[in-house]
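Residue numbers (full-length UniProt numbering): 1 to 396. Notes for the one structure printed next.
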Amino acid sequence: MAPRDPILGLNEQFAADTNPNKVNLGVGVYFDDNGKLPLLECVQAAEKAMMEKPTARGYLPIDGIAAYDNAVKALVFGADSEPVTSGRVATIQAIGGTGGLKVGADFLKKLNPNAKVLISDPSWENHRALFTNAGFEVESYPYYDAAKRGINFDGMLAALNAAPAGTIVVLHACCHNPTGYDITPAQWDQVVAAVKAKGLVPFLDMAYQGFGYGLKEDGAAVAKFVAAGLTFFVSTSFSKSFSLYGERVGALSVLCENKEEAARVLSPAQDRHPHQLQQPAHARRRRGGRSARQSRAARPLGEGAGRDARAHQGHAPGAGRRPEGRRREGRHELHHHPDRHVQLLGPHQGPDGAPAQRVRRVRHRHRPHVRGRAQQQEHRARLRFDRQSHLGDSNV
């Protein structure tokens with residue numbers, strides 16, 4: 001069994017501690033003065049509005065909600081800034097700041113697979129894990145001097161000046177995690193100059209904008225890189241800003257040379273995006289109990305009857321008839337979609353007598369994929385029998 005997470009495990013110990021003067025310095029969650037996780041009034045108002053006027057929840061574009069992406073650009077770069085007005089910023093909605101870092105890391109690995117990555121010492125440990133898992137060699141640059149209880153800026157600057165061109169440098173835009181020590185505006189100028197002179201690739205992580213000195217002040221590092229004429233990456237997280245930790249609200253933005261390059265960046269960046277599946281349109285959870293129908297629809301597709309599986313796929317309104325695009329083939333339902341082909345088996349047994357798998361991918365539009373020659377032959381024979389038994393069915 002894998003060891004328990006050392007950070008999240010502290011929350012359990014904290015909850016069990018009876019000391020009235022205890023302080024939680026574990027996972028990065030912002031609590032109010034009473035030690036409670038706040039629910040912002042604006043979030044409550046938004047949830048109320050969505051409940052009063054519910055809307056359908058179709059799939060989002062790969063880059064997420066356009067209005068959300070535009071709001072991220074305005075917050076990070078400034079609504080009237082030249083990068084935004086000229087269309088030089090490519091932004092993709094991400095599953096939290098971690099998702100933004102992951103998409104950016106995979107994208108950079110595709111563009112420059114031999115680059116090294118520099119992260120601060122110390123840094124948020126997920127920085128190392130994310131870039132290592134993307135295939136990069138990760139090293140550290142000096143940042144915090146524990147003996148002097150301050151920033152080792154000379155060591156940091158020396159490491160940047162010694163890095164080879166193309167090195168990816170992960171920088172904390174504000175509210176450095178985990179030390180809380182930020183470099184000064186004058187020191188940021190030196191960092192920007194070193195990055196530009198050495199041809200490094202800056203990747204800013206901004207998870208606490210507004211928690212330091214203010215939204216504009218905490219975004220000053222971004223403005224300095226813009227003023228220097230550099231192209232760079234920014235991963236943003238709004239878990240703390242919105243107090244929506246479980247909703248995974250984040251984004252990845254890339255400042256490009258021009259509008260055309262931004263459009264080109266979005267295409268390969270989207271190619272690196274599917275590992276996150278689909279962006280959530282709205283992750284609101286009902287606080288009350290659920291009906292039996294809701295409980296069935298919420299099951300994984302491998303559970304429950306075929307009818308429940310079809311309801312989960314979004315075809316519940318047509319339970320009494322086959323919606324357009326669905327074709328009967330024996331006891332199987334074949335759903336044809338532009339981007340995928342899914343075969344839902346019946347609630348009984350499969351071709352080999354074993355319990356039927358509820359969902360199976362279809363390689364060819366008109367032929368289900370069944371592994372093994374013997375299974376294919378048995379499957380074809382059964383389909384021929386089913387067709388002969390249903391010659392009068394116009395939907396065959």
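Beta carbons are placed, not taken as given, at the ideal position from N, Cα and C, and that holds for glycine.
Integer-rounded CB distance, given that residue j should sit under 8 Å from residue i
| i | j | result |
| --- | --- | --- |
| L252 | V170 | That belief does not hold up - the Cβ atoms of L252 and V170 are roughly 13 Å apart, past 8 Å. |
| V29 | L37 | 7 Å |
| T184 | V72 | Incorrect: roughly 27 Å between the Cβ atoms, too far for contact. |
| F233 | F203 | 4 Å |
| V195 | G166 | Contact doesn't hold; Cβ gap of about 12 Å is too wide. |
| Y144 | I151 | 6 Å |
| R248 | G99 | 7 Å |
| A74 | V254 | Contact doesn't hold; Cβ gap of about 16 Å is too wide. |
| N11 | V23 | Not a contact, Cβ separation roughly 13 Å. |
| D211 | C256 | Note that residue 211 corresponds to Phe in the displayed sequence, not to Asp. At roughly 28 Å, the Cβ-Cβ gap does not stay under 8 Å, so F211 and C256 are not in contact. |
| K224 | V192 | 5 Å |
Residues bridged to residue i [DSSP beta-bridge criterion]
| i | result |
| --- | --- |
| A228 | Per DSSP, none; premise fails for A228. |
| L130 | DSSP output for L130 lists no bridge partner at all. |
| K116 | E137 |
| M206 | T236 |
| D145 | G150 |
| V84 | In the DSSP output, where bridge partners are listed per residue, V84 has none listed. |
| D121 | P142 |
| V222 | DSSP lists no partner for V222. |
| V201 | I168 |
Endpoints, beta strand (DSSP E) assigned at residue i
| i | result |
| --- | --- |
| Q93 | 89–95 |
| V138 | 137–142 |
| V249 | 249–255 |
| L171 | 168–172 |
Closest by C-alpha distance to residue i, when choosing among the options
| i | options | result |
| --- | --- | --- |
| V43 | V265, F242, A15, A158 | F242 |
| A173 | F77, M51, K53, L130 | F77 |
| G97 | K240, A227, P164, L200 | K240 |
| D121 | G104, L130, A159 | A159 |
| E82 | V226, G26, N126 | V226 |
| L101 | A147, H127, S123 | H127 |
| Q93 | D80, L75, A66 | A66 |
| K198 | T55, A46, A163, A263 | A163 |
| E125 | N177, D182, E41 | N177 |
| Y181 | D33, A146, G214 | A146 |
| A262 | Q209, D63, T179 | D63 |
| R149 | T179, N161, L215, L60 | T179 |
| G250 | I95, L130, T231, I168 | I95 |
| D205 | Y68, S123, E47, M156 | S123 |
| T231 | E217, D218, I168 | I168 |
| P20 | G35, G9, F31 | G35 |
| A79 | P54, G229, L215 | L215 |
Unbroken alpha helix (DSSP H) run spanning residue i, endpoints
| i | result |
| --- | --- |
| A46 | 41–52 |
| V76 | 66–77 |
| residue 450 | For residue 450 there is no data in the structure shown, the boundaries of the chain being 1 and 396. |
| K22 | Careful: K22 lies outside any alpha helix (DSSP H) and carries neither H nor E. |
| D218 | 215–218 |
For this session: For the region 134–149 and the region 106–117, state whether three or more C-beta atom pairs, one from each stretch, are separated by less than 8 Å.
Result: yes
Exercise. Would you say the region 100–110 touches the region 78–87, given that touching needs at least three Cβ pairs under 8 Å?
Worked result: no
Exercise. Touching or not, the region 122–134 and the region 182–196, by the rule of three or more beta carbon pairs under 8 Å?
Worked result: no
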